[in-house]
Amino acid sequence: MPGLLPEKDLISANGFAVYRGICGIGRSLLRKVQSTESVDVFLLVWNVRGYAVNFLVLLHDTTPFCPSIRDAMGTRVRFTFFTRVTMSDKPVVSLFVQCLVDSMYPDVGDAMVSIFDTLRVPVDFPEQQTCCGQPAFNAGYRKEAAAAAKRFLDIFESAEVIVCPSGSCVHMVRHHYPELFKNDPVLFEKAKAVAAKTFEFSQYLVDELGVTTLGAYFPHKVTYHDSCHLTRGLRVDAPPRKLLNSVVGLEFIEMKDSDACCGFGGTFSVNYPEISTAMVDEKIENILACGAEIVTGCDISCLMNIQGRLSRRGEEVKVMHIAEILAQGQGHGQGGAQ
Amino acid sequence: MNPSHSYSRKAEAGMANDTLQKGLKMIQGRFGKGAMDYWSTMQDPERRKRAKSRRMQTLEHLDIVLAELAENIRKRGGKVYFAATAEDAIRYTLEVARENKVQRVVKGKSMTTVEVGIDPALEKAGIEVVETDLGEYIVQLAEDEPSHIIAPCIHMDRKQIGELFADKLGIDYTENPPELTQAARTALREKLLTADMGLTGCNIACAETGHVSLVSNEGNIRMATTMPRVHVAFMGMERVAANLQEHQDLLQLLTRGAALQKISTYVSFTGGVADDDNPDGPEQFHLVIIDNGRSKILADPEFREVLACIRCGACLNICPVYGKIGGHAYSSAYSGPIGAVVTPLLKGVNKHADLCKGETLCGACKDICPVENDLPRMLSSLRYKLAYGDEKWQVKPKSRMERLGFRMWKTGITSRSLYSFCLKVARWYMKGKTGDNGMVSAMPFLGGKWTKDRDLPPIAAQTFSERWRKTHRNSRNGSTS
Amino acid sequence: MSTYHDQSENEIHFLSTLRQAVAPGSDTPRDKRAYPEIFAYEDDRQLVEKIEQRNDLDQQGLASAFMDSADPQSLSVYTVKSLDEAADIIVNIARNRMPEFSNFRHIIQHAHDDIRELRLWERFSEDSITVHTTYREDAELREKTIASFIGITVADWGIADSATLVQCTRPGMPQSTSLVPSIHIGFIRKSRILANLSEAYAMMRRDSSLNSWCFISGPSKTADIEAHMVHGAHGPKEMHICILEDSKE
Chain A
0 MPGLLPEKDL ISANGFAVYR GICGIGRSLL RKVQSTESVD VFLLVWNVRG YAVNFLVLLH
60 DTTPFCPSIR DAMGTRVRFT FFTRVTMSDK PVVSLFVQCL VDSMYPDVGD AMVSIFDTLR
120 VPVDFPEQQT CCGQPAFNAG YRKEAAAAAK RFLDIFESAE VIVCPSGSCV HMVRHHYPEL
180 FKNDPVLFEK AKAVAAKTFE FSQYLVDELG VTTLGAYFPH KVTYHDSCHL TRGLRVDAPP
240 RKLLNSVVGL EFIEMKDSDA CCGFGGTFSV NYPEISTAMV DEKIENILAC GAEIVTGCDI
300 SCLMNIQGRL SRRGEEVKVM HIAEILAQGQ GHGQGGAQ
Chain B
0 MNPSHSYSRK AEAGMANDTL QKGLKMIQGR FGKGAMDYWS TMQDPERRKR AKSRRMQTLE
60 HLDIVLAELA ENIRKRGGKV YFAATAEDAI RYTLEVAREN KVQRVVKGKS MTTVEVGIDP
120 ALEKAGIEVV ETDLGEYIVQ LAEDEPSHII APCIHMDRKQ IGELFADKLG IDYTENPPEL
180 TQAARTALRE KLLTADMGLT GCNIACAETG HVSLVSNEGN IRMATTMPRV HVAFMGMERV
240 AANLQEHQDL LQLLTRGAAL QKISTYVSFT GGVADDDNPD GPEQFHLVII DNGRSKILAD
300 PEFREVLACI RCGACLNICP VYGKIGGHAY SSAYSGPIGA VVTPLLKGVN KHADLCKGET
360 LCGACKDICP VENDLPRMLS SLRYKLAYGD EKWQVKPKSR MERLGFRMWK TGITSRSLYS
420 FCLKVARWYM KGKTGDNGMV SAMPFLGGKW TKDRDLPPIA AQTFSERWRK THRNSRNGST
480 S
Chain C
0 MSTYHDQSEN EIHFLSTLRQ AVAPGSDTPR DKRAYPEIFA YEDDRQLVEK IEQRNDLDQQ
60 GLASAFMDSA DPQSLSVYTV KSLDEAADII VNIARNRMPE FSNFRHIIQH AHDDIRELRL
120 WERFSEDSIT VHTTYREDAE LREKTIASFI GITVADWGIA DSATLVQCTR PGMPQSTSLV
180 PSIHIGFIRK SRILANLSEA YAMMRRDSSL NSWCFISGPS KTADIEAHMV HGAHGPKEMH
240 ICILEDSKE
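Line by line, the protein sequences give chains A, B and C. Here the first sequence is numbered in numbering that gives the first Met the number 0, starting from 0 and rising by one per residue. Here the second sequence is numbered in numbering that gives the first Met the number 0, starting from 0 and rising by one per residue. Here the third sequence is numbered in numbering that gives the first Met the number 0, starting from 0 and rising by one per residue.
What follows is the structure in structure tokens.
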């Protein structure tokens, strides 16, 4: 499997850990440097780091180290050189973290911020944000949903780009906002404009920024849940997989029926709880059957549903949002499985 | 029983029925996935789009197409009756039966006949009604209801059917499907050959040539339309192709969507009466074209496309909700995603409010539909009508409590300070209820419905907005908020 | 002003409701001639030419494809160079099968030129097997069909990619012959085998004499019990197809 570190190769594993440690320290120092010095110095220092890495790679080629270290380091070097130079001119990302992330899963927001920082993409968080209105819309309460939508448009209309860690919210904005305001020409135009610049997180990284790897390190067995609105509504199923497969040490396992609905469906989960539970139980059976330690996805609503049932059933499998996995091993904070 | 109360109860009964669960899993695993694979590997990826477009054209000119169909049926000796309501259709059929001294009717599987309710009416008039489709026959013997459009007795296993046949047909007990099928074959042959009238549906009529076309594998429909003296076909008014080209497109999509077949064992084109050219057709053929609420759907641009449905059953085979609850929960001739849309539209939105709200809008049905019907969009529209009421469709708002709830929600989310305050209150409340595993397992009111079977994470000690304000914002230059 | 005759009150009213639904405000019945696109066909003349230009070698290819498409578990397909050869096969089947619903062996065959020379009654002179023919004038046709355990028919067309017979109802060729007896033996001339369903539809479209027909693609079957496939529901339990060698004129 590409990029997989065999545990038995202790020398390489340790070497890699040392390398990561150096990077971590270096990065913190450089943060300080960055805030007071110009970009050129920053680049210079990273180039030096790059040479150091190259030296290690040379060492590998002439000594019997594990080949995957080279791959791992190689991608990081390539990534480092390429993205450091180009990303700083990218548009400012305005985060729409989603109500659930804001209130219950703030680590996901942290992870997104850290990833954008690593990419040197400028990040902003309009603090007035609350909810995109999806719960009301799906339940049929379009007037109330329109109030939420209008507020969203007001807050985000001047954003350059809006990125959200939830496929269903992005689907709401892209597909339903224009529909909500189809009888109001002004709001309709506004909705269309905002919809065009709203992206789901993994989609933004891969399709818009062209990121192929974030140099993350996360040696666990991970499976992925394709959430309905992201997969069938927005047709995004490759970017999360690309990103997960680029994580060093991560063993990616496809579960059976990864795109089967998890049973959340907004108010459906509390109006028809028995049916909802039966659906999430089936999803969990598939997760358990594939042998993964972690289940991830791009939609916190689904993950909250799956996590809630896993927890009640006392299962060992942990749930992480894809941003949290991609932020692993970057040297920012501890992270790790919940 | 009020259908809107029985949805959850019947759903639970369905989920507790192991035989049904096994049957549904098998059907969905084979046919649902199979159909999706087929569409994605089709050589002509635009085929479904074209079929839809053709269907919409026919629907938009349905008055012309049906006039043409009726004319051509009459040309070959058949009679056509336009039934505005179910009662009209029943009245006409009873008249035909009476005039022809019909004592026994053999039926081909037809959801339209179930929708209209012709069976009880015939039985009340002292006429024996025999379902001849094996699955429908089994369901009839068991005095039960079908649970799937294409596989009516998927909720019964071979043991149950074996016991049923031993009881009702007097044969030795067996649970071997070929033997059971043989027993039904023998029992039904006599009925098919001695019946006075055959009553079928119509899969796709062809207006240009004046044919009613029926798709089957068992041969019972061919028998029921060839051997009895009288053939009556019930046709939902939208089930017509303008010409043979449209007919072919729809036929191929139908057999693939229904059972992954390139073509079904039998596709019969009928509609004439016995004469020199048609030596063993029936003496009389009656086509009963049924409205029963369809014209109202046709008149509403929001829902018109649902009439493009060719009743293949593919959406049932992919729906995760149907896959758990089975067909009986829908309390309708039409179950699954298509049933969830047409049943409220035909029979009453409030009456079938659960069908409008009881799914997750996951979109799988839209992906699998051979004619690309956007069922989730229509379900969302129905929910909108239930939220505030709708005059055209005579919908009353479903729940004042829910409306109030969302009004309060709106107040909360349109003010960041109120929203933050509510979060603080919730955080305080949930902190006290957080267990050792870091999760909350008991919440009040609506939250209790969640925590009945699931845990909930507590509001975080620091929300992301708070973290942004305290930490992230300060570490970057010139950021705006 | 309606272009149609015999329209009842109820039809006129029904159609008027539909018209109001799709074209509100139109008071009079719409004339189909104003909407030619509704009944229009895509041009399939090339397809028809292709069919007409096929030669014997092409038809041989289609016959092979036909045999390949047949599910060996349920449908037996033979190519026969003569009716004698076909008669051998039929005699074999008739002698080795027990009638399902009767103690007597009756066979019924279409009154069709292609199989007139089968001369089955000669073959069965020593067996107690009665052969009937579906003559138009025969008042006992129905009883004879029901009594028969083998039905022999001639199909108008064959479709290679699904091993389908296009069984058309014509004078002397009733539908019941391919339906009621337990065993169906269908004959099709090699020159009449088409490639696919589109070609079959193109041919049907051009045959205005056709009253009714059936696409038959194997013996009857059902999977209603636990989705377990069983051959032999209400139609024939067993099916055989004989492809008659002939030349395309």
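All C-beta atoms, glycine included, are put in the ideal place defined by N, C-alpha and C.
According to the DSSP assignment, I299 of chain A belongs to the alpha helix (DSSP H) that extends over I299 to R312.
For D258 of chain A, the secondary structure class from DSSP, reduced to helix, strand or coil, is coil. M234 of chain B is bridged by DSSP to B:I288.
The closest CA to that of I220 of chain B, considering only B:S263, B:T208 and B:M236, is found on B:S263. The C-beta of C301 of chain A comes no closer than 8 Å to any C-beta of chain B. Close CB contacts of V130 of chain C within its chain, under the 6 Å cut and outside five residues either way in sequence, are with I106, L119 and W120 (chain order).
Listed along chain B is no residue with a C-beta nearer than 7 Å to that of C241 of chain C; the closest approach is about 19 Å.
Nearest to I89 of chain B by C-alpha distance, out of B:L179, B:H147, B:M429 and B:I289, is B:I289. For K356 of chain B, the chain A residues whose Cβ falls inside 9 Å of its Cβ are A138, G139, T266, F267, N270 and Y271, in order along the chain. With respect to the C-alpha of Y223 of chain A, the residue from A:F136, A:L249 and A:T266 having the closest C-alpha is A:L249. Leaving aside the five residues that flank V95 of chain B on each side, the residues in its chain whose CB is nearer than 7 Å to its CB run, in chain order, V229, V231 and H285. DSSP, reduced to helix, strand and coil, places W212 of chain C within a strand of the structure shown. Look at F30 of chain B here: in three-state DSSP terms it is helix. Using a Cβ-Cβ cut-off of 7 Å, L192 of chain B is close to I145 of chain C, given in chain order.
Residue pairing of W392 of chain B in beta bridges, as defined by DSSP: absent, with no partner found. In the DSSP assignment, H320 of chain A forms a beta bridge with A:G296.
Counted as a single uninterrupted DSSP element, the stretch harbouring Y136 of chain B is not any beta strand (DSSP E) but the alpha helix (DSSP H) occupying residues L133 to L140.
For H60 of chain B, the closest Cβ of chain C is nearer than 8 Å. What L187 of chain B touches in chain C, judged by beta-carbon distance under 7 Å, is H233, going in chain order.
In chain order, L196 make up the part of chain C whose C-beta sits under 9 Å from the C-beta of Q251 of chain B. For C361 of chain B, the nearest CB of chain A lies under 8 Å from its own CB, placing it at the interface with that chain.
Inclusion of L233 of chain A and V205 of chain A in the CB contact set at 8 Å is not warranted, their separation being larger than that value. Listed along chain B, no residue sits closer than 8 Å to Q45 of chain C by beta-carbon distance, the nearest being about 15 Å off. Taking C-beta atoms as the reference points, G292 of chain B and L252 of chain B fail to come closer than 8 Å.
Judged by DSSP in its simplified three-state form, K384 of chain B adopts helix. Rounded to whole angstroms, the separation of the alpha carbons of E126 of chain A and S201 of chain A is 23 Å. Close to R173 of chain A, with beta-carbon spacing below 7 Å, lies no residue of chain B; the smallest spacing is near 14 Å. The Cβ atoms of F155 of chain A and F95 of chain A sit closer than 8 Å to each other. Membership of G437 of chain B in any alpha helix (DSSP H) is not indicated, and neither H nor E is assigned to it by DSSP. Contact check between the segment 144-152 of chain A and the segment 117-134 of chain A: three or more CB pairs, one atom from each, fall below 8 Å, which counts as touching.
The C-beta distance from I148 of chain B to G312 of chain B rounds to 4 Å, short enough to meet the 8 Å contact threshold.
Three or more Cβ pairs drawn from the segment 147-162 of chain C and the segment 179-192 of chain C lie within less than 8 Å of each other, which places the two stretches in contact. Burial is judged here by how many other beta carbons sit within 10 angstroms of a residue's own beta carbon; G161 of chain B has at least 16 and is buried. Inclusion of T131 of chain B and L191 of chain B in the CB contact set at 8 Å is warranted, their separation being smaller than that value. Interface with chain B (8 Å Cβ-Cβ cutoff): M203 of chain C is included.
For P173 of chain C, the nearest beta carbon of chain B is closer than 8 Å to its own beta carbon.
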